[in-house]
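S.K.:
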Amino acid sequence: MKLVYVFDAYCGWSYGFSPALSRLVARHPALQVEVVSGGLFAGPRRVPVGELGYVQGANARITELTGVRFGDGYLRTIADGTFVMDSEAAARGMAALREAAPHRAVELAVALQRAFFVQGHSLSLPGTYRTIAEARGLDADAVVDTFRSPASQIAAEADFRRAAGLAVEAYPTLLALDAGRAVQLARGHATAEEIEQRLSTVATTTRS
């Protein structure tokens with residue numbers, strides 16, 4: 397059995413879910429988790445944040461339910477409403493980080509979200525990935541080169557197709573894949589304990 401985590405680096409609910417996912421992975425280090433980027437703000441949905449009237453209300457709700465805080469850097473970045481969240485660029489960056497350390501994909505996805513939702517760094521800039529890579533002991537030059545390369549675009553598009561193939565329509569979504577079937581463990585919000593209970597049910601059903 398393995399888990400598939402479908403998220404969007406610019407999705408506030410994915411950011412809110414990251415502590416629960418991190419706790420789950422820390423408790424079960426043997427779990428294999430595939431991290432897939434979604435395309436929440438891609439194509440015609442790639443617009444200035446000021447045109448998304450729900451952001452402030454959603455952020456307040458996310459903090460209420462999950463306890464995560466949105467940093468001053470993030471608040472400054474979106475303050476005038478002109479910042480454009482580009483999920484395609486973020487997916488390319490996630491692909492570059494994932495290639496550098498596949499076994500640390502969850503950790504790197506969390507770091508990517510903190511770079512935006514805490515520090516306020518654009519996920520379209522190579523410097524953001526250099527900073528993340530250096531802080532985690534990765535080859536920063538290789539990460540930036542991959543981000544800039546056509547390979548990252550191919551990987552991002554493959555992620556979007558993967559998410560669509562799994563019929564994921566909301567972020568974050570956590571699935572368990574076992575014996576050819578996909579079972580939803582979380583969608584939007586769940587605690588680590590709730591996920592563990594659902595995972596246990598899946599495992600029990602599989603054994604029976």
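Residue numbering for the sequence shown follows the numbering used here, beginning at 397 and increasing consecutively. Backbone N, C-alpha and C fix where the C-beta goes; we use that ideal spot for every residue, glycine too.
1) If you compare alpha carbons, which of T600, I550 and Y411 is closest to F513?
2) If I measure Cβ to Cβ from A582 and keep anything under 6 Å in the same chain, skipping five residues before and after, which residues do I get?
3) For R419, which beta-bridge partners are listed by DSSP?
4) Based on Cα-Cα distance, which residue from L471, G434, P440 and A552 lies nearest to A405?
5) In terms of DSSP beta bridges, what is A578 paired with?
6) Tell me the residue span of the beta strand (DSSP E) that contains S520.
7) By alpha-carbon positions, which one of Q549, T587 and D468 ends up nearest to A511?
8) Between R526 and V539, how many whole angstroms is the CB-CB distance? I'm expecting something under 8 Å.
9) Cutting at 7 Å between CB atoms, please list the residues of its own chain near S518, excluding the five before and the five after it.
10) Hey, could you find the ends of the beta strand (DSSP E) E460 is sitting in?
11) Ends of the beta strand (DSSP E) at S433?
12) Is the Cβ-Cβ distance between C407 and L436 less than 8 Å?
13) Is DSSP giving R583 helix, strand or coil here?
14) Taking only three categories from DSSP, how would you classify V400?
15) Leaving out five residues before and five after A497 in sequence, what residues of the same chain have Cβ atoms less than 7 Å from its Cβ?
16) Round the Cβ separation of V400 and E430 to the nearest angstrom and send it over; I've been treating them as touching at under 8 Å.
17) So Y567 and F403 are in contact, right, with Cβ under 8 Å, and what is the actual spacing, rounded?
18) Using the beta-carbon count (16 or more within 10 Å), is M481 buried or exposed?
M.R.: Reading from the atomic positions:
1) For the set T600, I550 and Y411, the Cα lying nearest the Cα of F513 is the one of Y411.
2) Excluding five sequence positions before and after A582, the CB atoms of its chain that fall closer than 6 Å to its own CB belong to L570 and I591, given in chain order.
3) None, per the DSSP bridge assignment.
4) For A405, the closest of L471, G434, P440 and A552 by C-alpha to C-alpha distance is G434.
5) According to DSSP, which records beta bridges pairwise, A578 is partnered with L573.
6) In the DSSP annotation of this structure, S520 is not part of any beta strand (DSSP E), being labelled neither H nor E.
7) Ranking the options by Cα distance to A511, first place goes to D468.
8) The C-beta distance from R526 to V539 rounds to 7 Å, short enough to meet the 8 Å contact threshold.
9) Only T524 meet the Cβ criterion.
10) According to the DSSP assignment, E460 belongs to no beta strand (DSSP E) but to the alpha helix (DSSP H) extending over V451 to T462.
11) Per DSSP, S433 is one residue of the beta strand (DSSP E) stretching across V429 to S433.
12) It is a contact, given that the beta carbons lie within the stated cut-off.
13) Correct three-state label for R583: strand.
14) Note: V400 maps to strand in three-state DSSP.
15) Counting only Cβ-Cβ distances below 7 Å, and skipping sequence neighbours, we find L504 and L534.
16) Right, the Cβ-Cβ distance comes to about 5 Å (below 8 Å), so this counts as a contact.
17) Between Y567 and F403, the beta carbon gap of about 5 Å places them in contact (Cβ cut-off 8 Å).
18) Within a 10 Å sphere around the beta-carbon of M481 sit 16 or more other beta-carbons, which makes this residue buried.
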